[in-house]
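Enquirer: Let me give you the structure first, and then I'll get to my questions.
Numbering (the UniProt record's numbering), first residue to last: 1 to 299.
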């Protein structure tokens, strides 16, 4: 059952902070109802009649564990993004071929930078794994951490988090990045957002980190790169290149040999990334079936 637009969601909990006011809300009933709603919402989204998010309320923790964490249904596992036992709310998102292409292409680019350092196989990926912070659980689109962790460090939190969304959801995206940084007690060093636009060729890449301010440490924007192309035949422009990920933030150790260093994504790297993503965007996303992205290997 869809809830009236004025229904309160937060209940003292900030897990849904940043969601567009138009986000549809439903009373959770069962796994089949969740699937039916997601297919129906995807149809509305593909016609431009709603945003990419859906909220389910009155979902207790036991039902969440049974229906989502223990579910064998891949679409259920891949669709939910965050859950709070405090407010008993679950926030789901419709993923598309563009989402998948963007975060896979970005990871491939990072790995290309590690290969000349002899570190091409030095990372674990954490996409699709639930991470808990207090009463809340979240899944990142991609989480990276070194295969060899420093003493005392566990793999609960990735060292670098990557979240992907459409640019229309940038407020929610920023809130998600800040959650990873603030809840991990310093374990997440850098939180990266990759946002693409549904209606034009534009990708914005941002990095947020914890920095010291007048009121103590808080998440803050550290880098922003904008990649644009006016038409299919025009030149791709990149503003504020390179995009840099600190070696120590990702690998959790200082460099030990001359070949090692920060990962710098150059203007040329970013142009190629964007072109690869734009080849799959707009036209395909409007017509693809909701389950199409599940046919490819997930993480």
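A virtual CB, placed ideally from N, CA and C, is assigned to each residue, including glycine.
1. So, is residue 241 buried or exposed, given that buried needs 16 or more other C-beta atoms within 10 angstroms?
2. Between residue 280 and residue 272, what straight-line distance do the alpha-carbon atoms span, to the nearest angstrom?
3. Around the Cβ of residue 88, are there at least 16 other Cβ atoms within 10 angstroms (buried) or fewer (exposed)?
4. How long is the line joining the alpha carbons of residue 175 and residue 121, rounded to whole angstroms?
5. What do you reckon, are the CB atoms on residue 90 and residue 83 nearer than 8 Å?
6. What does a CB cutoff of less than 7 Å around residue 17 pick up in its chain, not counting 5 residues either side in sequence?
7. In the DSSP assignment, the beta strand (DSSP E) including residue 278 goes from what residue to what residue?
8. Can you tell me the Cβ-Cβ gap for residue 204 and residue 188, rounded? I've got them flagged as a contact below 8 Å.
9. Which of the three DSSP states, helix, strand or coil, is assigned to residue 76?
10. Starting from the C-beta of residue 6, find all residues in its chain whose C-beta is less than 7 Å away, skip the five residues before and the five after it, and write them out in chain order.
11. What does the Cβ neighbour count give for residue 62, buried or exposed, with the cut at 16 atoms within 10 Å?
12. What does the alpha-carbon distance come out to for the pair residue 260 and residue 116?
13. Taking only three categories from DSSP, how would you classify residue 20?
14. What residues in its chain sit with their C-beta under 8 Å from that of residue 130, if we drop five residues either side in the sequence?
15. Fully enclosed by the region 74 to 120, which alpha helix (DSSP H) runs are 4 residues long or longer?
16. So what's residue 144 in DSSP terms, helix, strand or just coil?
Expert: On the basis of the coordinates in this document:
1. buried
2. 13 Å
3. buried
4. 31 Å
5. yes
6. 175
7. Residue 278 -> not in any beta strand (DSSP E); alpha helix (DSSP H) instead, spanning 267 to 278.
8. Contact doesn't hold; Cβ gap of about 20 Å is too wide.
9. helix
10. The predicted model places residue 6 with a pLDDT of 41, which falls under 50 and marks its position as unreliable; any figure quoted below should be read in that light. Taken in chain order, the list of residues that qualify is empty.
11. exposed
12. 8 Å
13. coil
14. 69, 137, 138 and 139
15. 74 to 79 and 97 to 114
16. strand
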